[in-house]
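J.:
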Amino acid sequence: MEVVVGAMASLLGLDTSRNLSYFAVPAAWVLAHGCHLFAILSSPKSFDNTNPRTFKDNIAKAPGLSEERKLFISRIKSAADNGYETLGLFAAAVAAGNQAGLTSRTLNLCSAGYLATRLIFNYIYIYLGGSAKIAPLRSLVWAANLFFSLGLFVASGLKLKNA
């Protein structure tokens, strides 16, 4: 993982010895919101900006969309919802890690791991999520994603406990 993160950072011209973890929070939001926008653009007539929470119901009732297309758009929206749902925990974990004084390396690796697993989760959910055989893989990636947030909390707690 460290090699992959280092290679990605190098390609992007990022100095991983510097703390980049706070930048991961808006990046995580972009991953969630990008899915939300993708869902809307996939069925613009189903989105009602005055009642945005009816979007999934509107997709299900949309005339002219095949069942397969409805399920696909619903999975896109569900990936967005899942991203929004995990964002608060991740942001709090990044803040806790910074407050506890975790190393830039730890913060950067956990932040990059969160973003990478989020991206993989979104891909699996959206493009492969219709398969019952793939569902366990999606759950495994989701658990790995959760590991990075919880890992920051545990590392923070351990560091402060020993301070």
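Numbering (our numbering), first residue to last: -5 to 157.
Positions of the beta carbon are idealized from the N, C-alpha and C atoms, including for glycine.
1) Using beta-carbon positions only, say whether I70 and I118 come within less than 8 Å of one another.
2) Taking C-alpha atoms, which residue in L109, N45, A157 and S125 lies nearest to W136?
3) Throw me the rounded Cβ distance for the L25 and N92 pair, which I believe falls under 8 Å.
4) If you compare alpha carbons, which of F17, R99, G107 and L65 is closest to G124?
5) Using the C-alpha atoms, what's the distance from N13 back to M(-5)?
6) Could I get the ranges of all uninterrupted alpha helix (DSSP H) runs contained in the segment 33 to 116, with 4 residues as the minimum, in chain order?
7) Given a cut-off of 8 Å, decide if A149 and T100 are closer than it, judged by their beta-carbon atoms.
8) Would you tell me roughly how many angstroms separate the C-alpha atoms of C29 and N156, rounded to the nearest one?
T.: Walking through what the data contain:
1) Cβ distance not < 8 Å, so I70 and I118 don't count as in contact.
2) L109
3) With a Cβ gap of about 21 Å, L25 and N92 do not count as contacting.
4) Comparing alpha carbon positions, the residue from F17, R99, G107 and L65 closest to G124 is L65.
5) Per-residue confidence for M(-5) stands at a pLDDT of 47, beneath the threshold of 50, marking its modelled position as unreliable; no derived number is given.
6) 49 to 55 and 61 to 94
7) yes
8) 41 Å
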